[in-house]
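The listed protein sequences derive, respectively, from chains U and F. Each position in the first sequence, counted from 1, maps to that position plus 22 in our numbering. Each position in the second sequence, counted from 1, maps to that position plus 22 in our numbering. Idealized CB from N, CA, C, for every residue including glycine. Remarks on the structure that follows.
There are 2 protein chains.
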Amino acid sequence: MNAEIARQLNHRTIRALTAQPLSQEIIDTLVNVARHTATSQFQQAFSIISITDPELKAAIRKITKQSYVGATGHLFIFVADEYRNATIGQEMGNAHHSLGNTDRTIAAFSDAILAVQNTVNAAESMGLGTVILGSILNDAAQLIELLQLPKLTFPVLGLEVGYPDQEPQLKPRLPENFMHFQNTYQLPEPIVPQLKDYDEIVHNYYDLRETNQRVDTFTNQIYQRLNNVPEKRHELLQTLRQQGFLNEAN
Amino acid sequence: MNAEIARQLNHRTIRALTAQPLSQEIIDTLVNVARHTATSQFQQAFSIISITDPELKAAIRKITKQSYVGATGHLFIFVADEYRNATIGQEMGNAHHSLGNTDRTIAAFSDAILAVQNTVNAAESMGLGTVILGSILNDAAQLIELLQLPKLTFPVLGLEVGYPDQEPQLKPRLPENFMHFQNTYQLPEPIVPQLKDYDEIVHNYYDLRETNQRVDTFTNQIYQRLNNVPEKRHELLQTLRQQGFLNEAN
Numbered sequence: 023m024n025a026e027i028a029r030q031l032n033h034r035t036i037r038a039l040t041a042q043p044l045s046q047e048i049i050d051t052l053v054n055v056a057r058h059t060a061t062s063q064f065q066q067a068f069s070i071i072s073i074t075d076p077e078l079k080a081a082i083r084k085i086t087k088q089s090y091v092g093a094t095g096h097l098f099i100f101v102a103d104e105y106r107n108a109t110i111g112q113e114m115g116n117a118h119h120s121l122g123n124t125d126r127t128i129a130a131f132s133d134a135i136l137a138v139q140n141t142v143n144a145a146e147s148m149g150l151g152t153v154i155l156g157s158i159l160n161d162a163a164q165l166i167e168l169l170q171l172p173k174l175t176f177p178v179l180g181l182e183v184g185y186p187d188q189e190p191q192l193k194p195r196l197p198e199n200f201m202h203f204q205n206t207y208q209l210p211e212p213i214v215p216q217l218k219d220y221d222e223i224v225h226n227y228y229d230l231r232e233t234n235q236r237v238d239t240f241t242n243q244i245y246q247r248l249n250n251v252p253e254k255r256h257e258l259l260q261t262l263r264q265q266g267f268l269n270e271a272n
Numbered sequence: 023m024n025a026e027i028a029r030q031l032n033h034r035t036i037r038a039l040t041a042q043p044l045s046q047e048i049i050d051t052l053v054n055v056a057r058h059t060a061t062s063q064f065q066q067a068f069s070i071i072s073i074t075d076p077e078l079k080a081a082i083r084k085i086t087k088q089s090y091v092g093a094t095g096h097l098f099i100f101v102a103d104e105y106r107n108a109t110i111g112q113e114m115g116n117a118h119h120s121l122g123n124t125d126r127t128i129a130a131f132s133d134a135i136l137a138v139q140n141t142v143n144a145a146e147s148m149g150l151g152t153v154i155l156g157s158i159l160n161d162a163a164q165l166i167e168l169l170q171l172p173k174l175t176f177p178v179l180g181l182e183v184g185y186p187d188q189e190p191q192l193k194p195r196l197p198e199n200f201m202h203f204q205n206t207y208q209l210p211e212p213i214v215p216q217l218k219d220y221d222e223i224v225h226n227y228y229d230l231r232e233t234n235q236r237v238d239t240f241t242n243q244i245y246q247r248l249n250n251v252p253e254k255r256h257e258l259l260q261t262l263r264q265q266g267f268l269n270e271a272n
């Protein structure tokens, strides 16, 4: 096993970062890696926004409800972006396009999300810690306003990168037989009794970890969150549509 | 710059793979890396299907219309999967859930797509070549039937991995100032005249590359594809809904 794979198998989300900022050289390198990620049909349908303004950081922190967001480290927002390509089309004389349809929506989201993980891998190769922030979608409409995102763009994920100030335990993942199948989808069912050993492992993980200890299992965590929708997240479909995505009109 | 980042900056999609199959050990390692990818709220809302059946490979190749798909190398399909978590809920006595809403749809897609890129990075660290296959969505409904995907699952991306049988040139990416902004979205406009140098670089790339030479620029490629929707891709929104995603009912 090579060093990169050893590190990938040991991936932990790092929420506590030291006060040491990333150098401009490191930020440039991370963005450069992101740029070189595979992209669907060479559309390069994503952009990155670096958040450096303290007031903006505070506003995003408030949206995420996570105290570490924008506190230390460097905060990137990865944006699905068909606006750039629509603008190219318009300037070249064709304002009619299908860039907001579901197909392109998925492609733009894919471009952005693949770039997030590529950036994570680059950061970790330099000994940096990362936390991917789905929590920016707690209020997507407000974030769109804050970042002045035009139509045909959408903030997909945040990514905070910095120097680790914690060494959390490795969080145990679902055993392979529950998530990797041959040729057809074949979940072992009933699944809950078969997850007993894994539940025990997750229970031990929560019980023994150094911070935020609690009593929980995997199945219980899934059960508790079956209907968990933070209020504004009900508006996500509407916000996506307002940005011009998932639009089959053209 | 470390070796991993050097390799990431030199990423090329590898469509031509030798006949040498991946060992079971390598396949297991790749899946193990995918399992350890960051996951939204520890939901682990994705699964992987390895395609080993020759007839199934041929059927997927036909959907993608790409002769190299399933020809050599190992073919993975990454699946957004909220079915597993819905099943856990149902077995524990709660059939009512929000796992198909837009918020969870985005989260499940993110989990699957982040895992794809993590797998790509692992494969490339072993000297393997990869091609990410958005083309599986040319006929999502048929693929769902072939893979026997239940409701609340959706095939997001394919990934073919194997031993490289080509060394393509590096495809030049958009300069950073067109895709990385500070604090707010600020695309330099009008963009087409400012892309003149990049268009020239892309033109040279297509002109000089060893295979599939053509005369093209970036802006022209975007322009030509503004309204390019393969027929069945018009049905993607409907197929997503039929699978129970983007559903705000609960």
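In this structure, Arg195 of chain U places its C-beta atom within 8 Å of the C-beta atom of His58 of chain F.
Taking all protein chains shown into account, Leu230 of chain F has fewer than 16 neighbouring C-beta atoms within 10 Å of its C-beta and is therefore exposed. Interface residue (Cβ-Cβ distance to chain F less than 8 Å): Asn143 of chain U is classified as such. Beta-carbon to beta-carbon, Tyr105 of chain U and Lys193 of chain U are separated by about 37 Å, too far to satisfy the 8 Å threshold.
At a cut-off of 8 Å between beta carbons, Arg37 of chain U makes no contact with chain F. Take the alpha-carbon of Asp187 of chain U and the one of Thr40 of chain U: they are about 5 Å apart.
For Val91 of chain F, none of the residues of chain U pass the 9 Å Cβ criterion, the least Cβ distance being about 15 Å. Ranked by Cα distance from Leu97 of chain F, the first of F:Gly156, F:Lys79, F:Leu258 is F:Lys79. In the DSSP secondary-structure assignment, Ala102 of chain F is bridged to F:Phe68, F:Phe176. Leu97 of chain U is bridged by DSSP to U:Ile73, U:Glu182. Leaving aside the five residues that flank Thr35 of chain U on each side, the residues in its chain whose CB is nearer than 6 Å to its CB run, in chain order, Val153. Annotated as distal: Thr239 of chain F and Asp219 of chain F, with beta-carbon spacing of 8 Å or more.
Annotation: Gln264 of chain F has no Cβ neighbours in chain U at a cutoff of 9 Å; minimum Cβ distance is about 13 Å. The DSSP assignment places complete beta strand (DSSP E) segments of no fewer than 3 residues inside the region 139 to 163 of chain U at 151 to 155, in order along the chain.
Among the residues facing chain U, Asp229 of chain F is not included, as its CB has no counterpart in that chain under 8 Å away. Beta-bridge annotation (DSSP): Leu39 of chain F is paired with F:Pro186. Scanning chain F for C-beta atoms nearer than 7 Å to the C-beta of Ser62 of chain U yields Gly156, reported in chain order. Per the DSSP secondary-structure output, Gln204 of chain U pairs in a beta bridge with F:Ser72. Against chain F, the beta carbon of Glu113 of chain U has neighbours under 9 Å at Glu211, Pro212, Ile213, Val214, Pro215, Thr241, listed in chain order. Rounded to the nearest whole angstrom, the CA to CA distance from Glu146 of chain F to Asn116 of chain F is 43 Å. Non-local C-beta neighbours of Ser69 of chain F in its own chain, meaning closer than 6 Å and more than five positions away in sequence, comprise Val101, Asp103, ordered along the chain. In this chain, the alpha helix (DSSP H) harbouring Asn226 of chain F covers 218 to 230. Just so you know, the alpha carbons of Ala130 of chain U and Val178 of chain U end up roughly 10 Å apart.
Within the region 181 to 199 of chain U, the residues whose Cβ lies closer than 9 Å to any Cβ of chain F are, in chain order, Leu192, Lys193, Arg195, Leu196, Pro197, Glu198.
In this structure, the straight-line span from the alpha carbon of Asn160 of chain U to that of Gly266 of chain U is close to 19 Å. If the five residues before and after Ser62 of chain F are omitted, its C-beta is found closer than 7 Å to the C-beta atoms of Ala129, Ser132, Asp133, all from its own chain and listed in chain order.
Using a Cβ-Cβ cut-off of 8 Å, Leu150 of chain F does not count as an interface residue toward chain U, since no Cβ of chain U sits closer than that to its own.
Short of 8 Å from the beta carbon of Gln235 of chain F, and not among the five residues preceding or following it, lie these beta carbons of its own chain, in chain order: Tyr228, Asp229.
At a cut-off of 8 Å between beta-carbon atoms, Asp125 of chain F makes contact with chain U. Take Ala144 of chain U, set aside five residues on each side of it, and the residues of its chain with a beta-carbon closer than 6 Å to its own are Leu52, Val55, in chain order. Just so you know, the alpha carbons of Leu31 of chain F and Asp50 of chain U end up roughly 12 Å apart. In the displayed model, Pro215 of chain F falls within a helix according to three-state DSSP.
Leaving aside the five residues that flank Val142 of chain F on each side, the residues in its chain whose CB is nearer than 6 Å to its CB run, in chain order, Thr152.
Any Cβ of chain U closer than 8 Å to the Cβ of Ala129 of chain F would place that residue at the interface, and such an atom is present. Judged by DSSP secondary structure, Thr51 of chain F falls within the alpha helix (DSSP H) whose first and last residues are 46 to 57. Here DSSP, grouped into helix, strand and coil, assigns Phe267 of chain F to coil.
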